Structure formats: structure tokens, C-alpha cells
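Under numbering that gives the first Met the number 0, the first residue of the first sequence is numbered 0, with each subsequent residue one higher. Backbone N, C-alpha and C fix where the C-beta goes; we use that ideal spot for every residue, glycine too. Being a predicted model, the structure only gives us computed values, none of them experimental. These notes concern the structure reproduced below.
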Amino acid sequence: MYSLKRSQPMSVSDAPNSEQSAKIHLPRMSESEALKKIRHTTSHVMAMAVQKLFPKAQVTIGPWIENGFYYDFDNPEPFTEKDLKAIKKEMIKIINRKLPVIREEVSRAEAIARIQAIGEPYKLEILAGLQEPITLYHLGDQWWDLCAGPHVENTAELDPKAIELESVAGAYWRGDETKAQLQRIYGTAWETPEQLAEYKRRKEEALKRDHRRLGKELGLFIFSDQVGPGLPLWTPKGTVLRSTLEDFLKQEQLKRGYLPVVTPHIARVDLFKTSGHWQKYQEDMFPMMAEDEKAKAQEQGFVLKPMNCPFHIQIYKSELRSYRELPMRLAEFGTVYRYEQSGELGGLTRVRGFTVDDSHLFVTPEQLDAEFLNVVDLILTVFKSLQLKNFRARLSFRDPSSDKYIGSNEAWEKAEGAIRRAVETLGMNYFEGIGEAAFYGPKLDFIFQDALEREWQLGTVQVDYNLPERFDLEYVAEDGTRRRPVMIHRAPFGSLERLVGILIEEYAGDFPLWLAPIQVRLLPVGEEQYPFVQQVAAQLRSLGLRVEAATSGDRLGKLIRDAEKDKIPVMAVVGAKEVESNALSIRTRASGELGAIPVSEVLERLQSASKHYSNF
RNA sequence: GCCGAUGUGGCUCAGUGGUAGAGCACUCGAUUCGUAAUCGAGCGGUCGCGGGUUCAAAUCCCGCCAUCGGCUCCA
């Protein structure tokens, strides 16, 4: 902020409000045609520079993205960070040559001939997927690529000071891990150097919100190499946060007729053979534990559960069920284990052991639509209480060309139809994700972004006709016949771990009072106030509030600084005056100093804020 | 799993072939203090792990592990 203001001399048109003048509008791709042109052309300039410095490099694709652009190359050697510097230098040279960007329309045959002349096989593949007219974009007479455009008219329109090459990464050709691995260079480009500076500033801000960093700073969870990758350990503070979330949802579920259950973490392989996990989900599961070689050979071992559904199904199946019992909503905070590939793990958003706020609803076909809507209502209520607003709803359907699913077409169509009806009844905005379904059924997923704008699925509702079939589930209908229930799998949080990760970033560590691991810290001015502070702390604690007394002997300034850094929502300063008047001088993180307030009033306000998910 | 980068006290980081450092945290002592850091002393590291090169390795080489940015895959 500071450096930005300094680099931006005040002008007459600047708002007098300093905060206003420090803010620079960063255009989004959707609103700026100019950015698209800049990024397209910049990526071409980069590709030209790369091919100049690395003559063996082949060009593949290079689109603009939300914050910049990338280009994928096939090069015998991976690029290093040092290479990026050289490439940037070469790009500046190209830009300074003021090359005109020329659009040319060619026939398919002509395009093939030109590509063959320069020996770029990837371009031939790209060309095969293009519709006529085929357009080429030239940088002067130096370099060209297949491209739909648009572009700026001359490289001189690019500002080298508004361009940055950011990172290199491996990427598969056509996004297919069985195909060649290419070298991707990510870059960013803006209209002005000020926009680039603002982009960098926001990236740094985002880094400060990163839940991995805040989780460490606030002491919420840890990872231990000795325990293993992707297996978080929850500290006392983090556990308070987690259980507060659990309690909140349990309350909500109790109101809605959910029935709590508890099931084990492991089960026989056979259970997962019946469910289909062993056939369709095995590579996501930890290897089977077998008692001996014979058991191993016969696949008679136990496995850690990757999902809770087969267990809940067993409880449903344990008795003959009547239609009068349905919908039956079995709920459990069930911890599951999935063998995620090592490179995919990260913080709390992608782990190998996590707790799903899981429930399986067994319903009659007639009840399905209404019950589905009830679930969506619960999920939206939960998000609202957590103040989570920025999410997208995705209809996650199967990819009909894939064989990774179980069940009949008919079952799938019925399930997908039910989900579609629900979102249309609710008038929700949504998009479709083909190939995003679970192996047993389609889903309605709620997708959130983390601080670094990566997308994560949290809440989910799934309609399932397949597992009831595979486990031969039944209920006795009104007419005495045996019928098959439909299952709804649902998890509003998705997983406690991922939810906490997203919440930390959403709040930047500043949890609302009801979620804060420590809600109040009492700050005595001197040692004379220790007895009073201890007594008030005990009083608050007895009311279920989470409170700490800062009796380290440090001076008030230091205590306040520490409390601010720990992001404690309510600080209560106690000196001689407060002891005398039985009051607390309240300072909140949100609003600063509020002055002296009688202890009894503070108690009331804390309890009320806690109960109503609001601030002090 | 794949490509690249990184790994030094609890935390943040300096140290690039020759005796392991700083700040914060922690412990002790002094200070008794009113809204974002009181002063001083002390404790603390087989430099991720294993192997190699060298008279000598945190530093160079090889392998492994973990983390980070991507890719692929997902709650």
C-alpha cells in the first residue's frame, strides 16, 4: 500500500480520500478486450523468444488466463528460472523492434504446407481440430503461429514493465497424463506497470491469507513428517474450531430429523466389492491389510474406508424397514482415508485422511425430490451462517464415454433428472461438469475458491439408485410390497479439513466470535489485577466462553500486540479503575476501543454474540 | 505419479569448501508499567535423511523423504 501510494503521484482527479487513491482497479479478463489482446500478443512474443533461444523447442498451445497467460513447449530440456530471465530479456528486444502483428487467413491445405515447412507436428494436431477460416498471426516477418486472436497491432503497444514471467511447470499434452509432458511457462501481462504492481501486491496479500501460513501462526494444526504426508494433526485451538463447527451442524441436523450413527474406520474388502469401490475406486484406497499370505492371495483382508456409505447401508439393512421410517437420515462425522497421489497433497485442502460431515438418506422414490430440496436448504443455511457467499453450483454428471461408473443408463438418467429438477425448482445458477460425477451417481456440488483462486469442492448432494441395487436394499411399502429405496449422499461441509482451510482464508484468520478458538483475552495492566482477572476468567469459563488471562507479566502494550497477532476477537483490559468499578475496558479487533463496560453487560453481550453467530 | 524449485534452532531467515549465526519465541533476573514490542542474561541446531568426493562438506556429487508452484486426479 505504502509503496504504491508513493509511486502514484496525486493528481487533481484523485479522490482526496487516501484509501481511494491507493486503490487501483485491476481489470478482469471478462471486462477487458484490451487485456486479451495484450496477453495473446505477449504469449506470442514469449514463444518467439523461446524458439530463438531454444531452437529445438516446439510450440503447442498458449492461451490467456485470468491473471496472465501461458505457453506450452516441447523442449528436450526443462526450462529453469534462469532461462526465464533470458527469455524475458529476449522478449524486450522483440517488443522494442516494434514488429507489426499481421493477421492472415489461409486455407487448410496452405496451413498444413506451412506447418510442414517449419516442422511443428503439434501444430498439425491443433489444426486438425480447428474450423475454417484458419487464421495465422505474424510478428513482422519473424515468427507466426496458428491463433484465433485478437492481438494488438504492433508489439510496441506492449509495455515491458507491465510484463512478468512467473514460473515453469510440467504440463501434459492435451491434459492427458499418458501423453508427452511439455514445459509450461506462466507469465502475466497488464495494460500498465501500475496494474502489474497492484497484481503483485494482491498476490502477496493472498499469501498472507494462506491457511497453511495462518494455521501455523495461529496454532490450529500441524503436519508431522513422522506421521506422514496429508495427515493433519489438530492442536487444541484447531480442535475447538473443528468441534464448534461440528456442534453447529449437529444442532442443525437434529432439528431436521437426522439420526446420528458411528461406524468403524476399516472393513473387509468384501464390503467394498459389493459397493463397487474395490472395482472402481481402488487406486484411491490405501492398500489392503491382510493377516497372512493366504488371506492376501484370496483378497480376504481389511481396508481403510475411503467413504462411509457402505457402513451406513449396513445399518439400514440391519432391520426390515417400513415406509413409515423413511426418509431415514443416518449422519456421522466419518473419517475416511484416500490414497491421494503425493503431488496433489497440500495444506488442509487436499489430505489423505479427512472427516466427512456425511449423511445417507434412504427415501422412497416419491420422497426424493422434496428430500433433495430439504438437503439443499440445509446446505445453503450452513453457508449463510458461515458467511460464505462466493460459491458456484456444479451439476456433476457422468461422462457417458467413460467406463469408470457403475449401474445402468436408466438409473443414471433418473438420478441426473432429479438433480436437474431440484436446481430448476430453486432457480439456482449452476454450470455442468461432465465427468465430475461420483462413480455411483451424479452430484450437485458447491465450489469455492481459496486465497490463491484455486477451486475446491466443499458441499455436495448426490442421488444414487445404484448402491441400493447393489446392496439389495428394501422397504415395505403401504401395500405390503417390497420396494427399493433411493439414496441421497450429502455433506454440507464436504470435509471438516477443507472447510477449515477455506474458512481460515475467507476470514483471513479473523474468526467470528462463535468460532474463535480463544474468544476473549483478559489483559491486566499490572500484577495487582491478577486475582480479579482470574476471577472474571473463571466466571466467563463457567458460562461456556473460551477465555484466557494474560498473566505473563508483560506490559499492556505487549499484551495487546500479542492478542492482536493471535487475532483474539475481544480483548478486555483490566487496571485499578476496572477492578474498582467491576468493569472491563473492551477492545475488539473489529472496532478498536469501546471503553469500560460493566462485567455483567460484557457477559450478556458475549453470550448473545456467541449464540447468534454475530460480533461483540 | 510427472516437471521445476526449496529444505539451517519452536518460528522467520543469513551463511556456497576451512571453528554454525541473527531476530522472534522459550527460561531466569531486574522493571510494576493504561491500549500494537521494557531492559539484561541464558537455554536451544547430528544444517531433511542416507551414501559419495575431499586433508576438510550446511556448502560439491548421487539416491531417498518432505514441502512449495504447476500438470494429472479429487471432499
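Give a yes or no on contact between the segment 454-473 and the segment 303-322, applying the rule of three or more CB pairs nearer than 8 Å.
-> yes
Exposure of ASN66, with buried meaning 16 or more beta-carbon neighbours within 10 Å = On the first sequence, position 67 is the one that residue 66 refers to. Buried: at least 16 other Cβ atoms inside 10 Å.
Cβ-based burial, PRO441 [other Cβ within 10 Å; buried from 16] = Mapped onto the first sequence, residue 441 falls at position 442. Flag for PRO441 reads buried.
Would you be able to state if there are at least three C-beta pairs under 8 Å between the segment 93-110 and the segment 191-206?
-> no
DSSP three-state call for ALA515: helix, strand or coil?
-> Here residue 515 refers to the residue found at position 516 of the first sequence. The answer is coil: DSSP assigns ALA515 none of H, G, I, E or B.
Reduced DSSP secondary structure (H/G/I, E/B, other) of LYS279 | Residue 279 sits at position 280 when you count from the first residue of the first sequence. Of the three classes helix, strand and coil, the one that applies to LYS279 here is helix, per DSSP.
Given that a residue counts as buried once 16 or more other Cβ atoms are within 10 Å of its Cβ, and exposed if not, what is LYS122?
-> To locate residue 122, count along the first sequence from 1; it is residue 123. Burial call: buried.
Compute the distance between the beta-carbons of VAL460 and VAL381, then report whether it is under 8 Å.
-> To locate residue 460, count along the first sequence from 1; it is residue 461. To locate residue 381, count along the first sequence from 1; it is residue 382. Cβ distance not < 8 Å, so VAL460 and VAL381 don't count as in contact.
Beta-carbon proximity check, GLU131 vs VAL350, cutoff 8 Å = In the first sequence, the residue the question calls residue 131 occupies position 132. In the first sequence, the residue the question calls residue 350 occupies position 351. Contact: no.
Touching or not, the segment 416-431 and the segment 400-408, by the rule of three or more beta carbon pairs under 8 Å?
-> no
In angstroms, rounded to a whole number, what distance separates the CA positions of SER166 and LEU83?
-> Along the first sequence, one-based indexing puts residue 166 at 167. Along the first sequence, one-based indexing puts residue 83 at 84. For SER166 and LEU83, the distance between alpha carbons rounds to 8 Å.
Can you give the Cα-Cα distance for GLN299 and LEU195, rounded to whole angstroms?
-> Mapped onto the first sequence, residue 299 falls at position 300. Mapped onto the first sequence, residue 195 falls at position 196. If you take the alpha carbons of GLN299 and LEU195, they lie about 59 Å apart.
May I ask which residues mark the beginning and end of the beta strand (DSSP E) holding TRP455?
-> On the first sequence, residue 455 is found 456 positions in, with the first residue counted as 1. In the DSSP assignment, TRP455 falls within the unbroken beta strand (DSSP E) covering 454-463.
By Cβ distance below 8 Å, which residues in the same chain neighbour PRO15 in space, the five residues on each side in sequence not counted?
-> For the purposes of this step, residue 15 is taken as residue 16 along the first sequence, with counting starting at 1. Summary for PRO15: the model assigns pLDDT 32, below 50, so the residue's position carries little reliability; its value from the coordinates is reported in the next sentence. Result list for PRO15: empty, nothing under 8 Å.
Which of helix, strand or coil DSSP assigns to ALA369 | Within the first sequence, residue 369 is the residue found at index 370, counting from 1. DSSP places ALA369 in helix when its eight states are reduced to three.
State the DSSP-derived secondary structure class of THR134, mapped to helix, strand or coil.
-> Within the first sequence, the letter at position 135 stands for residue 134. In this structure, THR134 counts as strand in the three-state DSSP scheme.
Member of GLN528, GLN533, ILE596, LEU522 whose CA lies at the smallest distance from the CA of ALA562 = In the first sequence, the residue the question calls residue 562 occupies position 563. Among GLN528, GLN533, ILE596, LEU522, the Cα nearest to that of ALA562 belongs to LEU522.
Taking just the CA atoms, how far does MET570 sit from LEU360?
-> As a first step, residue 360 must be located in the first sequence, where it is residue number 361. As a first step, residue 570 must be located in the first sequence, where it is residue number 571. The alpha-carbon separation between LEU360 and MET570 amounts to approximately 44 Å.
Let me know the secondary structure DSSP gives HIS24 once reduced to three states.
-> The count along the first sequence starts at 1 and reaches residue 24 at position 25. HIS24 falls in the coil class under three-state DSSP.
List the residues that DSSP assigns as beta-bridge partners of LYS413.
-> Translated into the one-based positions of the first sequence, residue 413 becomes position 414. The partner list for LYS413 (beta bridge, DSSP) is empty, contrary to what the question assumes.
Hey, which unbroken runs of the alpha helix (DSSP H) at 4 residues or more fall wholly within the segment 193-242?
-> 210-216
Under 7 Å Cβ to Cβ from TYR612, same chain only, skipping five residues before and after it: list those, please.
-> Walking along the first sequence from the start, residue 612 turns up at place 613. Cβ within range, chain order: SER384, PRO511, TRP513.
Between the Cα of GLU547 and those of LYS293, ILE567, ARG323, GLU290, spot the shortest distance and give me the residue it belongs to.
-> Working through the first sequence from its first residue, we reach residue 547 at position 548. If we check each option's Cα against that of GLU547, ILE567 comes out closest.
Of all the options GLU109, ASP565, PHE438, ALA575, which has the alpha carbon lying nearest to the alpha carbon of SER274?
-> Position 275 of the first sequence holds residue 274. Measuring from the Cα of SER274, the nearest candidate turns out to be PHE438.
Three-state secondary structure (DSSP) of TYR404 | Your numbering for residue 404 matches position 405 in the first sequence. Here TYR404 sits in coil by DSSP.
Do you know whose CA, among GLU415, ASP509, GLU409, lies nearest GLU468's CA?
-> In the first sequence, the residue the question calls residue 468 occupies position 469. Closest by alpha carbon: GLU409.
Determine the direct distance from the alpha carbon of LEU602 to that of GLY218, and round the result to whole angstroms.
-> The residue labelled residue 218 in the question sits at position 219 within the first sequence. The residue labelled residue 602 in the question sits at position 603 within the first sequence. The straight-line gap from Cα to Cα measures roughly 27 Å.
Thinking just about the alpha-carbon of each residue, which of LEU451, GLU505, GLN182, SER609 is nearest to the one in GLY345?
-> For the purposes of this step, residue 345 is taken as residue 346 along the first sequence, with counting starting at 1. Closest by alpha carbon: LEU451.
Return the chain-ordered list of same chain residues with a C-beta closer than 8 Å to the C-beta of ILE378, the five sequence neighbours on each side being excluded.
-> Within the first sequence, the letter at position 379 stands for residue 378. Its chain contains PHE445, GLY458, VAL460, ARG489, PRO491 as the residues whose beta carbon lies nearer than 8 Å to that of ILE378, once the 5 sequence neighbours on both sides are disregarded; these appear in chain order.
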